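S.K.: There's a structure below that I have some questions on.
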């Protein structure tokens, strides 16, 4: 992981946010290559889930949300993590992270103090949360150490910490003039459910997809871009008739595993966690967490696929009625027209169930980079670092390299080739005129460029072999094979390779 983090900064993938002022914990900026890779991941997700399906619509909802939305979704009351303070140094930590990072014997002592087995860590955390006074004693008795000082801490009772960012709306700061930065993109989909249905005439089953920023005021953001305070989500809310939800849940589990494989993240590196009932989110009927084996971190969540039942649309419908926003039909709550849809068989109004595949762009990027990062020993004994990214994800698809940067005829032809390739719509094509072919190859290995095209003196008819005139050398990143290709055939050659 340290080598990967170093590469990301050195080659312009990811920088610490506000770095010139010492950085801001939990915030990262994406550099020239990082933004390309990030956009390619999002494009691949959108293409698979929106363009290649006939039952999906897209949406881009506002980041700042009315406080009533997140109040009635349950986030205002329940979107929190337990935190503990160390009285010795006033440091604050998320309870489960604090315990998880202790040595095995300390975790065992905490578990035993709470009447649990250390092998069932979620049950240990649940017991700590349920018994704050006992939890504080267990942490002290077990000798839980402060990650910052390394000393045994004097721990307070766990307290809930709401992770939503509150913001003032308008010039007057009072109790009524605030909203929240959304903690998830899902609620924007639910509040626009009727708008989408009315404008598209969709019937069940169908989905709404969205990619966008979310904000979570994490107690202890850490592990590079894995746990951050500003993140980007790729979420689907797939609406289906009650009773068909379990079948659709399995459908989306398989679809999402297949998508990860297509991005270079193999199934063998992903464990499927059927989240225990006591650990489910307040809205969830059942959730599968896809746990990817990150370097150094081990198995951590890369995506959640939740059966949210009818919780969200039902809650918003009920609360709109209570607020007087929708006329209530006493004998049948489901016939409140605001957030219902005709059942596909009975045609009666129904609040649909929802399956939610939700992945983080940042975590996806970390997984893709982790799988692509490769160290190889060449035949000459030298070591090379190469990012073996899938071609559709590579930030730079092709680098066009003139052999000598001070020879106008080589540079001009290279630029012309680059401009022609750029028009094909393959992605970013780069003119690499560093003048050192060896360094250029090494750089593009490290940033994952699938093909390098070299314009040399043979290309312009000034080499020893006249038969190579009007040809270029195409170098394959993974095999290191080099092939002479006619300039007139180059576009078709690369299109076949990259698509």
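Residue numbers (our numbering): 6 to 504.
Cβ atoms here follow ideal geometry from the backbone N, Cα and C, with glycine treated the same way.
Only a predicted model underlies this, so the values are computations on that prediction, with no experimental measurement involved.
#1: Would you identify the three-state DSSP class for residue 135, choosing helix, strand or coil?
#2: Going by the beta-carbon positions, is the gap between residue 317 and residue 288 smaller than 8 Å?
#3: Short check: CB of residue 168 to CB of residue 32, under 8 Å?
#4: What whole-angstrom Cβ distance do residue 453 and residue 394 have, given they're in contact under 8 Å?
#5: From residue 17 to residue 415, what distance separates their C-alpha atoms?
#6: Taking Cβ to Cβ, would you say residue 304 is nearer than 8 Å to residue 276?
#7: Quick one: Cα of residue 456 to Cα of residue 402, how far?
#8: Touching or not, the stretch 355-363 and the stretch 436-449, by the rule of three or more beta carbon pairs under 8 Å?
#9: From what residue to what residue does the beta strand (DSSP E) around residue 312 run?
#10: Could you compute how far the alpha carbon of residue 156 sits from the alpha carbon of residue 301?
#11: Excluding the 5 residues flanking residue 247 on each side, which residues of the same chain have their C-beta closer than 6 Å to its C-beta?
#12: Helix, strand or coil: which one does DSSP assign to residue 370?
#13: Tell me where the beta strand (DSSP E) around residue 294 begins and ends.
#14: According to DSSP, residue 85 sits in a beta bridge with which residue or residues?
#15: Are residue 370 and residue 174 close, meaning C-beta to C-beta below 8 Å?
#16: So, do the stretch 219-226 and the stretch 97-111 have three or more beta carbon pairs nearer to each other than 8 Å?
#17: Excluding the 5 residues preceding and the 5 following residue 336 in the sequence, name in chain order all residues of the same chain whose CB lies nearer than 6 Å to its CB.
#18: Need the endpoints of the beta strand (DSSP E) that residue 5 sits in, please.
#19: Any contact between the stretch 372-387 and the stretch 253-260? By contact I mean 3 or more CB pairs, one from each, below 8 Å.
#20: Give me the Cβ distance between residue 397 and residue 45, rounded to the nearest whole Å; I'm assuming they're in contact under 8 Å.
#21: So, using beta-carbon positions, are residue 212 and residue 59 closer together than 8 Å?
#22: Which one of 345, 36, 29 and 30 has the shortest CA to CA distance from residue 20?
#23: Just tell me which of 425, 195 and 102 has its CA closest to the CA of residue 144.
#24: Counting along the chain, where does the beta strand (DSSP E) carrying residue 349 start and finish?
#25: Let me check one thing: in DSSP terms, what residues is residue 245 bridge-paired to?
#26: Between the Cα of residue 235 and those of 477, 190, 56 and 252, spot the shortest distance and give me the residue it belongs to.
#27: Ordered along the chain, which non-local residues of its own chain (more than five positions away) have a Cβ less than 6 Å from that of residue 440?
#28: Might you give, ordered along the chain, the residues of its own chain that have their beta carbon closer than 7 Å to the beta carbon of residue 423, omitting 5 neighbours on each side?
#29: Alpha carbon to alpha carbon, what distance is there between residue 171 and residue 233?
#30: Write down every uninterrupted run of the alpha helix (DSSP H) in the stretch 411-490 whose length is 4 residues or greater and which is fully enclosed by it, in chain order.
#31: Does the Cβ-Cβ distance between residue 146 and residue 162 come in under 8 Å?
#32: Give me the Cα-Cα distance between residue 129 and residue 255, rounded to the nearest whole angstrom.
#33: Which residue marks the beginning of the alpha helix (DSSP H) containing residue 494, and which one marks its end?
#34: Within a Cβ cutoff of 6 Å, which residues of the same chain sit near residue 79, ignoring the five residues on either side of it in sequence?
#35: Are there 16 or more other CB atoms within 10 angstroms of the CB of residue 475, so buried, or fewer, so exposed?
#36: Given residue 329, which residues of its chain have a CB within under 6 Å of its CB, disregarding the five upstream and five downstream residues?
M.R.: To lay it out plainly:
#1: helix
#2: yes
#3: no
#4: 4 Å
#5: 27 Å
#6: yes
#7: 7 Å
#8: no
#9: 303-314
#10: 24 Å
#11: 358
#12: helix
#13: 291-299
#14: 167
#15: no
#16: yes
#17: Residue placement at residue 336 cannot be trusted, given a pLDDT of 39 that sits under 50; the coordinates are not used to answer.
#18: One cannot answer for residue 5 here, as it falls past the ends of the chain, which runs 6 to 504.
#19: no
#20: 7 Å
#21: no
#22: 36
#23: 102
#24: Looking at the DSSP string, residue 349 is not in any beta strand (DSSP E), and its letter there is neither H nor E.
#25: 358
#26: 190
#27: 410
#28: 405, 434 and 436
#29: 17 Å
#30: 413-427 and 442-452
#31: no
#32: 29 Å
#33: 492-503
#34: 287
#35: exposed
#36: Any reading at residue 329 must be qualified, since the residue scores a pLDDT of 46, below 50, and its modelled position is unreliable; the value itself is stated next. Excluding positions up to five away in sequence, the list is empty.
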